[in-house]
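Notes to accompany the following structure.
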Amino acid sequence: MREFAPDVRLLAGGTDLMVRLRSGRFRPNAVVDVKRVSGWSSQIVETEGVLRIGAGVTMTDLVADTKVQRHFPALVEAASVVGSIQIRNRATLAGNICNASPAADTAPPLLVCGAIVNIASAWDERRLPLHEFFLAPGKTALAPSELVESLDLPIPAEPVGSSFQRITRRRGVDLATVNLSCTLNAAGEVRMAFGAAAPIPLLVNGTVASLEEMTAQARPISDIRGGQDYRQAMLLVMARRALEIARGRLSR
Amino acid sequence: MAESKWVGQSLGRVGGEDRVTGRQKFAADLRIDNTLQVKFVTVDCARARIIAVHTEAAAAVEGVRCILTAADLPQPVPKCGPAYDDRPVIAVGETRFHGEPVVAVAAETEDAAERAASLVRIEYEELPPVLTVEAALDPASPLVQDHLKSNVLSEHHFGWGDVAAAHADCVIENDYTFPMVTHFAIEPHAFIAAPDPDGITIWSPIQHPYVLRRVVATALGWPVARVRIIAPDPGGGFGGKGWPKVEPLLAFLALRVGRPVRYVMSLEETFQAVRRASAKVHARTGFDATGRIVFQDLEANFLIGAYADIGPRVVSKASYSACGPYRAQNARVVSRALLSHTTPSTAFRGFGTPQASWAVESQLNEAADRLGLDRVEIRRRNVPDKDEEFIPNETGADGNWREALEKAAAAIAWETPLGPNQGRGISLGLKSSSTASASFALVRLHHDGSASVLSGTSDMGQGARTVFTQIVADELGIAPDRIVVVMGDTSVVPFDSSTSASRSTVFMGNAIIKACEHVRSQLAEIATELGTDPELPHETLLRAYYGSARGEVIGLGSARSAYVAGHPLGGKSAFWEMMAAAAEVEVDPETGMVDIRKLVLVSDIGKALNPMQVETQDEGSAVMGLGHTLMEHLILDDHGRIRNLGALDYRIPTIEDIPAQLHSFLIENGDGPGPSGAKGAGEGGLLSIAAAVGSAINQAVGVAIRDLPITPERIWQAIQKEQTHGRQ
Numbered sequence: 001m002r003e004f005a006p007d008v009r010l011l012a013g014g015t016d017l018m019v020r021l022r023s024g025r026f027r028p029n030a031v032v033d034v035k036r037v038s039g040w041s042s043q044i045v046e047t048e049g050v051l052r053i054g055a056g057v058t059m060t061d062l063v064a065d066t067k068v069q070r071h072f073p074a075l076v077e078a079a080s081v082v083g084s085i086q087i088r089n090r091a092t093l094a095g096n097i098c099n100a101s102p103a104a105d106t107a108p109p110l111l112v113c114g115a116i117v118n119i120a121s122a123w124d125e126r127r128l129p130l131h132e133f134f135l136a137p138g139k140t141a142l143a144p145s146e147l148v149e150s151l152d153l154p155i156p157a158e159p160v161g162s163s164f165q166r167i168t169r170r171r172g173v174d175l176a177t178v179n180l181s182c183t184l185n186a187a188g189e190v191r192m193a194f195g196a197a198a199p200i201p202l203l204v205n206g207t208v209a210s211l212e213e214m215t216a217q218a219r220p221i222s223d224i225r226g227g228q229d230y231r232q233a234m235l236l237v238m239a240r241r242a243l244e245i246a247r248g249r250l251s252r
Numbered sequence: 001m002a003e004s005k006w007v008g009q010s011l012g013r014v015g016g017e018d019r020v021t022g023r024q025k026f027a028a029d030l031r032i033d034n035t036l037q038v039k040f041v042t043v044d045c046a047r048a049r050i051i052a053v054h055t056e057a058a059a060a061v062e063g064v065r066c067i068l069t070a071a072d073l074p075q076p077v078p079k080c081g082p083a084y085d086d087r088p089v090i091a092v093g094e095t096r097f098h099g100e101p102v103v104a105v106a107a108e109t110e111d112a113a114e115r116a117a118s119l120v121r122i123e124y125e126e127l128p129p130v131l132t133v134e135a136a137l138d139p140a141s142p143l144v145q146d147h148l149k150s151n152v153l154s155e156h157h158f159g160w161g162d163v164a165a166a167h168a169d170c171v172i173e174n175d176y177t178f179p180m181v182t183h184f185a186i187e188p189h190a191f192i193a194a195p196d197p198d199g200i201t202i203w204s205p206i207q208h209p210y211v212l213r214r215v216v217a218t219a220l221g222w223p224v225a226r227v228r229i230i231a232p233d234p235g236g237g238f239g240g241k242g243w244p245k246v247e248p249l250l251a252f253l254a255l256r257v258g259r260p261v262r263y264v265m266s267l268e269e270t271f272q273a274v275r276r277a278s279a280k281v282h283a284r285t286g287f288d289a290t291g292r293i294v295f296q297d298l299e300a301n302f303l304i305g306a307y308a309d310i311g312p313r314v315v316s317k318a319s320y321s322a323c324g325p326y327r328a329q330n331a332r333v334v335s336r337a338l339l340s341h342t343t344p345s346t347a348f349r350g351f352g353t354p355q356a357s358w359a360v361e362s363q364l365n366e367a368a369d370r371l372g373l374d375r376v377e378i379r380r381r382n383v384p385d386k387d388e389e390f391i392p393n394e395t396g397a398d399g400n401w402r403e404a405l406e407k408a409a410a411a412i413a414w415e416t417p418l419g420p421n422q423g424r425g426i427s428l429g430l431k432s433s434s435t436a437s438a439s440f441a442l443v444r445l446h447h448d449g450s451a452s453v454l455s456g457t458s459d460m461g462q463g464a465r466t467v468f469t470q471i472v473a474d475e476l477g478i479a480p481d482r483i484v485v486v487m488g489d490t491s492v493v494p495f496d497s498s499t500s501a502s503r504s505t506v507f508m509g510n511a512i513i514k515a516c517e518h519v520r521s522q523l524a525e526i527a528t529e530l531g532t533d534p535e536l537p538h539e540t541l542l543r544a545y546y547g548s549a550r551g552e553v554i555g556l557g558s559a560r561s562a563y564v565a566g567h568p569l570g571g572k573s574a575f576w577e578m579m580a581a582a583a584e585v586e587v588d589p590e591t592g593m594v595d596i597r598k599l600v601l602v603s604d605i606g607k608a609l610n611p612m613q614v615e616t617q618d619e620g621s622a623v624m625g626l627g628h629t630l631m632e633h634l635i636l637d638d639h640g641r642i643r644n645l646g647a648l649d650y651r652i653p654t655i656e657d658i659p660a661q662l663h664s665f666l667i668e669n670g671d672g673p674g675p676s677g678a679k680g681a682g683e684g685g686l687l688s689i690a691a692a693v694g695s696a697i698n699q700a701v702g703v704a705i706r707d708l709p710i711t712p713e714r715i716w717q718a719i720q721k722e723q724t725h726g727r728q
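Keeping their order, the protein sequence lines are chains B and U.
Per the numbering used here, the very first residue in the first sequence carries number 1; after that it's consecutive.
Per the numbering used here, the very first residue in the second sequence carries number 1; after that it's consecutive.
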């Protein structure tokens, strides 16, 4: 990576990379297939109140994992609608984050659960909260020599309910026009994150009484996938619905 | 008369297993030795004046063999097209749509061709384009084709009675729009052109090989005999593979380099090559107090592309029968094919009728509401009886269309109560068939009693091979697995006009029956000459006549749709393709999302030669219709570039969008002109789905949307507008 930096791209699932290589949007000098790098993990491991998702874990793996299902149902909901079955069999959770699409379906549930990104380079390691990881569309805090090794999801110490919602132009196999995830605790505190509603997936905090104020923090744009007004209005609709589902899960 | 053992059965698809397992060789899978790969160079806008082309850097790329521009072609550069010779083989002086080739590069590898193409530098000046119906109609707009006086390429007037004098109790007047949509065949368009000692051979997944032969021969100035077309079975055509596009350019390129050249379009390039005409229809419909149509006053402006292609024919044919399967006492239809700086629009399943049907059927719904009539009842009162003439001097109603209407209403349980935010809609679609066309077929009965059928039809997935096999199996009493259907090679198969307008089962089917009759009459002559029983097995008869393992009997048959001088379409419609569709939907009023709970289709098809194939064609066309109804539209920017260029942002229905319940029914009264009384089928769903679903959405949430596609966002906006209105 150092030899070709900064003109190098990493390939895990390749579901975003291959599209851009084909369209000519990326023309790197080198593509590094990281899947056989020693120490590369495709495991989901639970230790000391944290679920560690290795960078090789695919959406299909994630959705099928009982630990993830138990603690992070919103993430399962999001991961199970990324692309198509074939895409989910290859696409990795870490890759979805590194692609830094404002519309990434897994970003909102990861943000609301307080995910930490474990970053490694040849000579160093560091940890970064996910909400500091996204900088701009397609741009992350990763330095050219760094890669994401895993994601840490803190298992909630207190009971929380969570859920995921999205709006698409057809009934699946589609990019989100807008998406949203929320968590709710017994005190009525709400964490909410939305995608395709700002240049980066956005995390906001509030309470059950402040949904309008929370969604008003979004800055959606009009593009071919949806108008600004529609996106803004759908955030509130989804926020209410997501909260309702989260409330049901909290009480279970 | 032959016994009907195979016709009418749902025989499995001939070639179906190869098609779904990837064994079928599509045009892009073919490998011809010594072939050069081709890429085109375009400019980044629709309309530009080409100032200069710099090819030095591109020519220096290793493996590049030819860089061709307009200057390298015969001067003036030949123009061609299926109906009008108006499209230059390559852009000359000015581009007229985004994606029009300006330079063609041929190289030893695709990579070299692509690299060289990226190094060609075109100096150009962008010019303002004409991109909308309004701009095309504006006399102040630039001309798309300089030699014409306006951008109205053709204007058509149809009608009867006196609309101006007619008295109506209720007049409904609205504008409807239908978007530009693309065919989205899964198989890419792929072509090989190869010079040979006789002239040139072109491989193309073309629906109409004989049209391609003529167009290429005309462009080259050659007799058609020197041009051979080989058309591998297309992987989806839908009209998009009907008419020649870049084949003449590839022919010139192949002749220049003296080697085969191959060009495979990407999906994005396909979007820029073929599309359906968008349309704006102004409809004014008058009714009497009982809901009968007093007049239809329609103005339909179709935005075709930069060149005619088959656009004017789409417009005239669709507007001729635009009033649908109804009695209109008076009618006035004015339609126009408007040139624009966009991808040339072409044939597309439904051939212009969906654009008109969307307007006319929606008008009926609004009138029913205004008059306090049920939406089924208003149709019941206007549908012509069997054999009734509903367009003067034209083929009358050739089916019991009211039966289709009633069946669709019953199947959707029209009278039963609905839940909140649910609605039902019903719509009829009617399309004229092929006029003035001809099909020839050869049936070769071989010495061992097996048979080959030689037909110019293209099997693009509609199942023509299967139906033809069934017909021959019955006509000659041969097992289907001893029959082979040969298609697509103009040096082998006899002439056929086209695989279009749902005409093949009727016309090629009839031609094949005649060819089989010709075989049987020759067998009878042989038996008479030998003094033997004519019912002997074919192989026994042939052995007795020719000796062991030699000889054959060749039957020739033909069928045509008569040319009628003075008829606006060149001839009467051989049959009518008619479908009734009914939809039940539930709309989420907060998001605008539509759930199609149930969709029923009823086609009047005379006789299903293969019921499974007819049903799957109906269902496929209905799902395709859901595309333009709910989600599909090409969106252009101010430069005439397609903003949603590619599969990511141009959405077509997936399996998840298919209604929870999808039922298709057939009405078989044996009243068609084809084999066993068949009519054509396979386009019906495109005609009637939009209005059925639109009507159901209207009933569910009370908003009338007149612009397709009816996206969730458009529904939401309409609801917001309604609520704002309500509060004021």
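No residue lacks a Cβ here, since even glycine has one placed at the ideal position from N, Cα and C.
Short Cβ contact (8 angstroms threshold) for residue i with residue j
i	j	result
residue 27 of chain U	residue 205 of chain U	yes
residue 451 of chain U	residue 444 of chain U	yes
residue 289 of chain U	residue 374 of chain U	no
residue 604 of chain U	residue 399 of chain U	yes
residue 689 of chain U	residue 622 of chain U	yes
residue 656 of chain U	residue 173 of chain B	yes
With 16 other Cβ atoms within 10 Å as the buried cut-off, status of residue i
i	result
residue 330 of chain U	buried
residue 258 of chain U	exposed
residue 76 of chain U	exposed
residue 555 of chain U	buried
residue 6 of chain U	buried
residue 122 of chain B	exposed
residue 220 of chain U	buried
residue 326 of chain U	buried
residue 151 of chain U	buried
residue 726 of chain U	exposed
Cross-strand partners of residue i (DSSP beta bridge)
i	result
residue 189 of chain B	B/207
residue 579 of chain U	U/429, U/603
residue 153 of chain B	B/51
residue 129 of chain B	B/116
residue 184 of chain U	BP columns for residue 184 of chain U are empty, so no partner.
residue 442 of chain U	U/454, U/556
Proximity test, Cβ basis, 8 angstroms: residue i and chain B
i	result
residue 290 of chain U	no
residue 378 of chain U	no
residue 330 of chain U	no
residue 631 of chain U	yes
residue 707 of chain U	no
residue 651 of chain U	yes
residue 732 of chain U	Residue 732 of chain U lies beyond the residue range present for chain U, which begins at 1 and ends at 728; the question has no answer from this structure.
residue 109 of chain U	no
C-beta neighbour in chain U for residue i, strict 8 angstroms
i	result
residue 174 of chain B	yes
residue 63 of chain B	no
residue 83 of chain B	no
residue 171 of chain B	yes
residue 31 of chain B	no
With a floor of 3 residues, list each beta strand (DSSP E) that falls wholly inside the region 193-236 of chain U, ordered by position along the chain.
199-203, 227-230
For the region 3-88 of chain B, list the beta strand (DSSP E) runs that are entirely contained and at least 3 residues long, ordered along the chain.
Under the rule that a run must span 3 or more residues, the beta strand (DSSP E) segments found entirely inside the region 3-88 of chain B read 8-11, 30-33, 44-47, 50-54.
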